[in-house]
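Numbering (our numbering), first residue to last: 1 to 243.
Just so you know, even glycine gets a beta-carbon here, dropped at the ideal spot from N, CA and C.
Quick caveat: nothing in here was measured; it's all calculated off a predicted structure.
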Amino acid sequence: MNRYNLKYFQYNNNSLLISWPERIDQDINNDVNEFKIRLETGFKYLLEVRYSYCSLLLIFNKRIDNINRLIEKLKNLYLSRKSHSKYDRILWNIPVCYENKFALDIDIISKQNKISKENIIIMHSKVIYSVYLIGFLPGFMYLGGLDDALHIPRKKEPRLRVPKGSVAIGGEQTGIYPQQSPGGWNILGNTPINLFDKSKDVPCFAKPGDRVKFFQVSEDEYKLIKKEVELDLYELNKEVLND
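Here it is, written out as structure tokens:
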């Protein structure tokens with residue numbers, strides 16, 4: 001298993017920041033998530049763990065009295081892992097309609113990247129993506145694993161209103177807007193499912209470390225699924241992965 005040269009910094013009186021190498025990388029992100037889960041299983045006085053692509057912020061329920069001793073404990077815990085932590089990752093299969101009325105920027109992607117619209121759809125929907133991070137908006141999943149040929153910079157002038165459910169590309173990542181909002185990513189489709197529902201016990205169905213795969217649906221199928229979602233009848237297809 002990979003072990004990285006982590007850096008430890010006291011963030012304030014009751015929190016500490018752990019940093020991995022600063023790059024967007026699936027192995028690093030997996031390591032961050034695995035160590036987060038290990039810490040949450042019972043590290044003393046730990047109140048909350050906040051995460052990013054390559055760091056963890058540990059928040060304790062008491063003042064840190066001896067930072068050096070705490071860092072030493074964390075180093076030993078990290079280095080003592082014998083193998084990858086085994087935990088269930090879920091593969092979520094998400095329907096996407098790539099029809100022109102939803103694919104607001106597919107012509108731009110096609111022209112700039114010199115790929116036909118048909119191949120853009122094939123390339124985008126064949127990959128199993130990793131959920132690196134959930135943020136920006138509640139339920140917004142930053143997904144890694146996008147084909148290099150589809151990388152495209154964010155828009156210089158963001159839209160003021162990106163439609164809810166828009167599936168988009170920003171740089172080397174893809175993601176889904178869980179609600180209408182401003183945004184600068186390039187839109188190539190739309191999903192009829194809800195990414196965030198505050199009425200649910202678990203408002204966001206996915207978690208960092210999960211996997212996502214898109215599958216193409218027609219506009220008629222999109223409308224049918226959307227109606228089922230509104231009636232709370234639609235159930236996302238999912239698979240449990242233990243890797």
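Task: Inter-residue Cα distance where the pair is Pro133 and Asn33 - done: Correcting the residue type first, residue 133 is Leu in the shown sequence and not Pro. Each residue's alpha carbon lies about 10 Å from the other.
Open item on the list: Taking the beta carbon of Ser130 as the centre, do at least 16 other beta carbons fall within 10 Å, making it buried, or is it exposed?
Closed with: Ser130 is buried by the Cβ-count criterion.
TODO: Decide if the stretch 92–107 is in contact with the stretch 189–205; the criterion is three or more beta carbon pairs, one per stretch, under 8 Å apart.
DONE: Segments in contact, yes.
TODO: State buried or exposed for Thr174, treating a residue as buried only when at least 16 other CB atoms are found within 10 Å of its CB.
DONE: Around the C-beta of Thr174, 16 or more other C-beta atoms lie within 10 Å, and the residue is accordingly described as buried.
Task: 8 Å contact criterion, which Ser181 and Val212 should meet: CB distance rounded - done: Contact between Ser181 and Val212 is absent: CB atoms are separated by about 20 Å, not below the 8 Å threshold.
TODO: Check whether the stretch 143–159 touches the stretch 5–12, taking contact to mean three or more Cβ pairs, one atom from each stretch, closer than 8 Å.
DONE: Flag = no, the stretch 143–159 and the stretch 5–12 do not touch.
Task: Meets three-Cβ-pair contact criterion under 8 Å: the stretch 21–41 and the stretch 140–151 - done: Yes, since at least three Cβ pairs between the stretch 21–41 and the stretch 140–151 fall closer than 8 Å, the two stretches touch.
Open item on the list: Within a Cβ cutoff of 7 Å, which residues of the same chain sit near Arg3, ignoring the five residues on either side of it in sequence?
Closed with: Hits under 7 Å: Leu79.
TODO: Check whether the Cβ atoms of Ile225 and Pro138 lie closer than 8 Å to each other.
DONE: Taking 8 Å as the Cβ cut-off, Ile225 and Pro138 do not qualify as a contacting pair.
Task: Those residues which DSSP pairs with Asn190 across a bridge - done: According to DSSP, Asn190 shares a beta bridge with Cys97, Ser166.
Task: Cβ shell of Gly171 (< 7 Å), same chain only, five flanking positions each side left out - done: Within the same chain, Gly171 has close Cβ partners His151, Pro153, Arg154.
TODO: Could you pull out every residue in the same chain whose Cβ sits closer than 8 Å to the Cβ of Ile115, ignoring the five residues on either side in sequence?
DONE: Same-chain partners within the cutoff: Ile109, Met123, Ala149, Leu150.
Open item on the list: Tell me the rounded alpha-carbon separation between Asn30 and Glu235.
Closed with: Approximately 27 Å between the Cα atoms of the pair.
TODO: Check each candidate in Leu46, Lys73, Ser52 and name the one with the smallest Cα separation from Lys62.
DONE: Of all alpha-carbon atoms in Leu46, Lys73, Ser52, the one lying nearest the alpha-carbon of Lys62 is that of Leu46.
- [ ] Go ahead and label Val229 buried or exposed: buried means 16 or more other beta carbons lie within 10 angstroms of its beta carbon, across all protein chains shown.
- [x] In this structure Val229 is buried. Its beta-carbon is surrounded by 16 or more other beta-carbon atoms within 10 angstroms.
Open item on the list: If you follow the beta strand (DSSP E) that Gln10 is in, where does it begin and where does it stop?
Closed with: Its beta strand (DSSP E) spans residues 7–12.
- [ ] Take Phe215 and list the residues in its own chain whose beta-carbon comes closer than 8 Å to its own, dropping the five residues that flank it on each side.
- [x] Taken in chain order, the residues that qualify are Asn93, Ile94, Pro95, Val96, Ser125.
- [ ] Within its chain, find whatever has a CB closer than 7 Å to the CB of Pro208; leave out the 5 residues flanking it on each side and keep chain order.
- [x] The residues Asn33, Tyr51, Val131, Tyr132, Leu133, Ile134, in chain order, have a CB closer than 7 Å to that of Pro208 in the same chain once the five nearest residues on each side in sequence are set aside.
Task: Pairwise C-alpha distance: Glu99 and Lys117 - done: Each residue's Cα considered, the two are about 10 Å apart.
- [ ] Tell me whether the beta-carbon of Cys54 lies closer than 8 Å to the beta-carbon of Ser19.
- [x] Cβ atoms of Cys54 and Ser19: closer than 8 Å.
Task: Rounded distance between the beta-carbons of Leu241 and Arg89, thought under 8 Å - done: Between Leu241 and Arg89 the Cβ distance is about 5 Å, and since that is below 8 Å, they are a contact.
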